[in-house]
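Asker: This is the structure, below, for whatever I ask next.
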Amino acid sequence: MVSFTSITRGAVLVLLLGLSNAAPVKENNSSAVPHVNGTSNARTSLPPLISSRTQPVSSPGFEVNLNSEAESIERNMKWFTENGGNAQNMTKRDAETVGGLTMDLPANAPAAPSISSSSVIIASTAQIKDFTLYAGLAAMPYCRDVVPLGNWKCKNCLKYVPDGKLLVTFSSILADTNGFVLRSDVQKTIHLVFRGTNSIRSAITDLVFTQMNYPPVSGAKVHTGFYASFKEVLSSYFPVVQAQLTAYPSYKVVISGHSLGGAQALLAGMDLYQRDKRFTPKNLSIYTVGCPRVGNPSFAYYVDSTGIPFSRSVNDRDIVPHLPPQAFGFLHPGVESWIKSSSNVRICTSNIETDSCSNSIVPFTSFTDHLSYYGINEGLCL
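In UniProt numbering, the protein residues as written are 1 to 382.
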């Protein structure tokens, strides 16, 4: 079903990001909240990169297994075949797969292993509450009333940030990158939130695993399409976030996103840190849900070296956090929170991905698990 043969660069972006079916919305909507088209604001001046904050890192200073996913695939496929599974059907793609991972969970897939490790802890009620807040925020850019219309009235809007003040919404035409900047005086937080793609399943099945040099950091590489989509809206939100921090210097800045929006959130967090010394590990953090892998090991080591808190949630067998596969030269930074049920969330405390959480179940993954996080329907407006 999926071809990974060469595709023209323009087509790569369209296939990868999955353009919205909605027609482009004019910016002269009735809301008082400005809506910025990324391409129309491209000439906004940005601060230069701070050289001391873009230094490459050759190693994270602790052991990292770059083959953890491949080892889990080998182990689980062996169990699968020994217990009556048909590996040939998967190889021949009678079952829909992406990068060797299943889109729909086979009925006879092995159960998730029970892992006991000092590096795995059970999330507290308070931690799950925080994760749920950011999962809720990540769902809100899917609401047309929020982006681009600029109205903070949706059910989940008022549930999770009742005092939210929208400052700007933004979008781009080519990559269909969308999001908003929001301030909560009760939470004393400036939120920058990115939306995932509207046509999620087709975007996953057409995913192309290409890398490019990451301009700020020598030796680091990132996914070509993810970086291009992030750059399209950089000038749309950056001055707003800067101005808010100037006006509210004691507030924290939290960046979040679901799916593709999670990848953009990670890139945006690094960019803020690289351009303005006021953004530090004390006031800047990143929370993603269902985020794909963004870059190579050198990129992951660099993210870890910044000290910026980065929490990424993975719902059970969600396929997207396993794409692009490790075997294609990608690696997750960040602390993984693996959702086994609404009350059972395991935290793998390593700052780089391991085989102790969701990597333990590959290649038996599921697209359906990508659509719901902490009981919140991502991709739907509620």
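C-beta: ideal position from N, C-alpha, C; glycine also.
1) Got a sec? Which residues, its chain only, sit under 6 Å from G334 by beta carbon, not counting five neighbours each side?
2) Should N83 be labelled buried (16 or more other beta-carbon atoms within 10 Å of its own) or exposed?
3) For I308, collect the residues of the same chain with a Cβ closer than 7 Å to its Cβ; drop the 5 residues on either side in sequence, then sort them by chain order.
4) Assuming G269 is part of the alpha helix (DSSP H), what are its boundary residues?
5) Between the C-alpha atoms of N351 and V186, what's the straight-line distance to the nearest angstrom?
6) Could you give the residue range of the beta strand (DSSP E) that holds L182?
7) Would G375 be called buried (16 or more neighbouring beta carbons within 10 Å of its own) or exposed?
8) Using DSSP with H/G/I as helix, E/B as strand and the rest coil, what is P324?
9) Looking only at its chain, what residues have a beta carbon closer than 6 Å to the beta carbon of P113, apart from the 5 residues adjacent to it on each side?
10) For the ligand FAD, is there a heavy atom less than 8 Å away from the beta-carbon of S256?
11) Identify the residues that DSSP records as bridge partners of T125: which are they?
12) Determine, using beta carbons only, whether G298 and V57 come nearer to each other than 9 Å.
13) Buried or exposed: T306, going by 16 or more other Cβ atoms within 10 Å of its Cβ?
14) Quick one: is L380 buried, meaning 16 or more other Cβ sit within 10 Å of its Cβ, or exposed?
15) Do three or more CB pairs link the segment 248-259 to the segment 129-145 at distances below 8 Å?
16) Quick check on this structure: which residue in A32, S51, N198, C348 has the alpha carbon closest to the alpha carbon of V277?
17) Could you tell me if Q88 is buried or exposed, where buried requires 16 or more neighbouring beta carbons within 10 angstroms of its beta carbon?
18) Who are M212's beta bridge partners in DSSP?
19) Measure the alpha-carbon distance for S117 versus E63 and round it to whole angstroms.
20) If you pair each beta-carbon of the segment 310-329 with each one of the segment 363-374, do three or more pairs fall below 8 Å?
21) Report all residues from its chain with a CB closer than 8 Å to the CB of N108; omit the five preceding and five following residues, and keep chain order.
22) Between the C-alpha atoms of Y214 and V222, what's the straight-line distance to the nearest angstrom?
23) Just how far apart, CA to CA, sit S356 and V98?
24) Taking the straight line between their C-alpha atoms, what separation do you get for I347 and E378?
25) Per DSSP, which residues does H191 bridge with? Please list them.
26) Here's a check: name, in chain order, each residue in its chain whose Cβ is nearer than 6 Å to the Cβ of K188, leaving out the five neighbours to either side.
27) Can you pull the DSSP bridge partners for T54?
28) Start and end of the alpha helix (DSSP H) containing L158?
29) Can you give me the Cβ contacts of K165 inside the same chain, cut-off strictly under 8 Å, excluding the 5 residues immediately before and after it?
30) Counting contacts by CB-CB distance shorter than 9 Å, is S118 in contact with chain C?
Answerer: To lay it out plainly:
1) F310, R312
2) With fewer than 16 other beta carbons inside 10 angstroms of its own, N83 counts as exposed.
3) If we look at I308 and ignore the five residues flanking it on each side, its Cβ neighbours are G269, Y273, P281, L284, S285, I286.
4) 260-275
5) 30 Å
6) 178-184
7) exposed
8) coil
9) S360
10) Among the components of this structure there are no ligands whatsoever, and the ligand FAD is therefore not found.
11) Note: T125 sits in no beta bridge, so no partner.
12) As written in the sequence, residue 298 is Ser, which differs from the Gly given in the question. Closer than 9 Å, so yes.
13) buried
14) exposed
15) yes
16) One point to set straight first is that residue 277 is Lys, not Val, in the sequence displayed. Per the Cα distances, S51.
17) exposed
18) V222
19) 15 Å
20) yes
21) F80, N83, G84, G85
22) 6 Å
23) 22 Å
24) 21 Å
25) L182, V254
26) Y251
27) Paired residues: none, contrary to the question.
28) 155-160
29) W152, L182, R183, S184, D185
30) The displayed structure is made up of one protein chain only, and chain C is not part of it.
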